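Novice:
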Amino acid sequence: MDQAQPASLTPTDPRVTAFLARRHQLFIGGAWREPAAVALLDVHDPATGEVIARVPCANAQDVDAAVKAAAEAFTNGAWTGLPPAERERILLRFADAVEANAEELAQLETLNQGKSINIARHVDIGGAPAYMRYIAGLTTKLTGETLDVSIGAIPGAKFTAYTRREPLGVVAAIAPWNFPMMIGLWKIMPALAAGCTVVLKPSEVTPLTSLRLAELAAEAGLPAGVLNLITGDGATGRALVDHPLVSKVTFTGSTETGKAIALATAGRLVRTSLELGGKNPAIFLKDVPIDQAVGGALLGGFFNNGQVCAASSRLYVARETYGAFVEALVAAVDGLSIGPGMDASAQVNPVVSAAHRDKVIGSIETARRDGARIVAGGDLPNRPGYYVRPTVIVDAGPDLAISRQEVFGPVVTVTAFDDEAEALRLANDTSMGLTASLWTNDLKKVLDYVPRLQAGTVWVNSHNVLDPNMPFGGFKESGIGRDFGLASLEGYTELKSVCMAH
Ligand code: NAD
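Going by this note's numbering, the letters in the sequence shown line up with residues 1 to 502, in that order.
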């Protein structure tokens with residue numbers, strides 16, 4: 001239902017107002033720097049559409065300055081040369097700084113991204129210090145192995161061999177707009193812990209918390225040039241990816257952009273990790289109580305207004321419970337209250353931008369034209385800002401665009417299945433493979449389904465649960481590489497073998 005309340009609520013933290021009033025620059029070599037050319041990007045509040053800040057759109061010259069500052073910081077040993085325990089100490093202080101400024105960062109994230117302040121407080125920003133401390137702790141845990149050398153050795157000679165992990169160099173980190181600061185941290189923390197230096201480019205739509213983050217890292221003691229922050233658009237990202245001093249690109253964003261980056265980095269064989277889109281299934285077996293299933297569908301499909309790479313946008317429900325499930329889901333979705341993210345009681349918030357709202361509505365319209373039925377939502381609430389009413393679609397065949405292409409908004413399709421084979425065939429019928437969830441209390445079914453679901457993460461009776469200890473990344477076109485865990489640090493290193501003759 002539409003609410004008769006103000007379109008947005010002003011921030012209550014005075015530091016946010018002060019930050020928004022600043023003239024924003026680029027953070028290069030440990031200081032704020034003017035961009036080479038005056039080109040600005042407008043930053044909007046999705047709840048009102050108003051411009052709340054302007055940030056520089058860095059050009060190739062700015063990118064060059066930032067990469068050179070990172071390269072200098074890598075080669076001068078100011079970071080890489082520190083004992084791992086000292087790097088760990090500085091990264092722990094960085095986590096403390098984020099924690100100390102959490103409310104300011106959460107309000108900034110909500111004002112810029114549109115998301116619920118509850119999510120910003122408890123997930124984006126609230127979850128950051130624990131993640132940062134976990135990764136900081138790995139700084140001192142990177143190790144090699146000692147190896148026996150016997151085959152191919154000179155007869156009679158003895159050798160001792162070992163491996164060591166060495167930081168790759170300058171990392172280009174490119175982030176999306178759905179969890180702006182959180183995903184930025186998923187890139188810069190393991191890169192820094194491994195001893196690399198970084199140039200971070202947040203999304204042009206949501207740059208604000210990253211600007212604050214660069215400053216907090218410097219205050220925590222990160223040496224000049226170790227973390228550089230440039231704001232800009234796709235052209236800025238392209239210039240960064242193409243820079244010859246970049247040794248690794250770590251990217252989170254759409255599959256389309258990820259493929260363009262893979263093509264660009266292939267020419268120089270630059271190490272590249274890609275966390276891309278998802279068209280993730282949730283399968284509800286017949287034994288799951290309807291209220292539990294609907295709760296799972298709301299969590300998986302509508303959390304953060306569906307702007308989650310891991311979101312369950314395709315719901316498959318056992319034929320026996322399909323009718324009751326759809327009826328209960330439609331009632332639940334229709335009852336969600338709509339309002340700005342700064343209103344902690346609003347359950348549905350705006351999507352990130354006008355362009356994205358139009359894309360989401362366009363996908364719904366295409367589904368309607370293709371013969372699918374919209375049984376909840378499907379339109380725009382009558383209020384300013386970039387709202388899309390949460391939408392449930394049925395009768396969407398597996399070949400329709402709505403069943404195949406990521407919408408990245410509050411939109412789910414619901415489809416009935418008759419048996420296990422059909423459920424698995426439908427769930428795996430996608431070019432992507434980021435996540436899946438299975439809802440059942442039947443352990444045998446769990447053991448049957450899990451190995452056959454083509455996804456980097458499979459949740460059982462849950463969805464969207466992430467932990468720094470649990471590798472996260474995609475099968476198929478959902479990406480290459482994994483975030484989290486020790487493996488994420490290793491992705492920022494080269495493995496060197498050392499063989500010594502006695
Ligand atoms: P996007 O691909 O449009 O943009 C992502 C970033 O890439 C932005 O910073 C953008 O400026 C930059 N960029 C654009 N073109 C570029 C180019 N040619 N070279 C270098 N950089 C370029 O993605 P988005 O719309 O910001 O984010 C939404 C997408 O991100 C969704 O597809 C979502 O599934 C995906 N995502 C994936 C994960 C994951 O972990 N797998 C997490 C969050 C979001």
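In this text, a Cβ means the ideal position worked out from N, Cα and C, and glycines have one as well. Because the structure is a prediction, the values reported are computed rather than measured.
Looking at the structure shown, is D13 part of a helix, part of a strand, or coil, going by DSSP?
Specialist: Coil at D13, not helix or strand.
Novice: For A53, I'd like the list of residues in its chain whose CB is within less than 7 Å of its CB, leaving aside the five on either flank, ordered along the chain.
Specialist: Excluding positions up to five away in sequence, the list reads L20, H24, V43 and L208.
Novice: Counting C-beta neighbours from all protein chains within 10 Å, is the total for E327 16 or more, i.e. buried, or is it exposed?
Specialist: E327 is exposed by the Cβ-count criterion.
Novice: So, with DSSP's three-state summary, where would you put I230?
Specialist: DSSP places I230 in coil when its eight states are reduced to three.
Novice: Whose C-beta lies closer than 6 Å to the C-beta of F94 among residues of the same chain, with five residues either side of it excluded?
Specialist: The answer, listed in chain order, is A217 and A220.
Novice: Where E320 and F475 are concerned, what is the direct C-alpha to C-alpha distance, given to the nearest angstrom?
Specialist: Between E320 and F475, the C-alpha separation is close to 31 Å.
Novice: Round the Cβ separation of T236 and A175 to the nearest angstrom and send it over; I've been treating them as touching at under 8 Å.
Specialist: Not confirmed; about 12 Å, so no contact.
Novice: What residue from A66, S273, H463 and N428 has the CA that sits closest to V199's CA?
Specialist: Selected option, being the one with the closest Cα: A66.
Novice: Nearest to L329 by alpha carbon, out of K248, K359 and V414?
Specialist: The option with the nearest alpha carbon to L329 is V414.
Novice: With distances taken Cα to Cα, identify the nearest neighbour of T160 among L168, E166, S150 and P167.
Specialist: Of L168, E166, S150 and P167, the residue nearest in Cα terms is S150.
Novice: Suppose you measure from the CA of P381 to the CA of V333; what does that come to, to the nearest Å?
Specialist: Cα-Cα distance, rounded: 14 Å.
Novice: Whole angstroms is fine: what's the gap from T257's alpha carbon to R314's?
Specialist: Their backbone Cα atoms lie some 23 Å apart in a straight line.
Novice: On the three-state DSSP scale, how would you describe F503?
Specialist: For the chain, the structure presents residues 1 to 502; residue 503 sits outside this window and is missing.
Novice: My parser needs the beta strand (DSSP E) runs of 3 or more residues fully inside the segment 149–210; what are they?
Specialist: With a minimum length of 3 residues, the continuous beta strand (DSSP E) runs that stay inside the segment 149–210 are 159–167, 170–174 and 197–201.
Novice: Return yes when at least one heavy atom of the ligand NAD lies under 7 Å from the C-beta of R238, else no.
Specialist: Yes.
Novice: Quick one: residues in its chain with C-beta nearer than 8 Å to the C-beta of M342, no 5 flanking neighbours on either side, listed in chain order?
Specialist: If we look at M342 and ignore the five residues flanking it on each side, its Cβ neighbours are S8, L9, T10, P11, A47, Q107, T110, L111 and I117.
Novice: Going by DSSP in three states, A455 sits in which element: helix, strand or coil?
Specialist: Note: A455 maps to coil in three-state DSSP.
Novice: For V352, which of D45, G323, L41 and D13 has the nearest alpha-carbon?
Specialist: Of the listed residues, the one whose Cα sits closest to V352 is D45.
Novice: Classify A293 as helix, strand or coil using the three-state DSSP reduction.
Specialist: The answer is helix: DSSP assigns A293 an H, G or I state.
Novice: Run through DSSP, which three-state label would N280 get?
Specialist: Strand.
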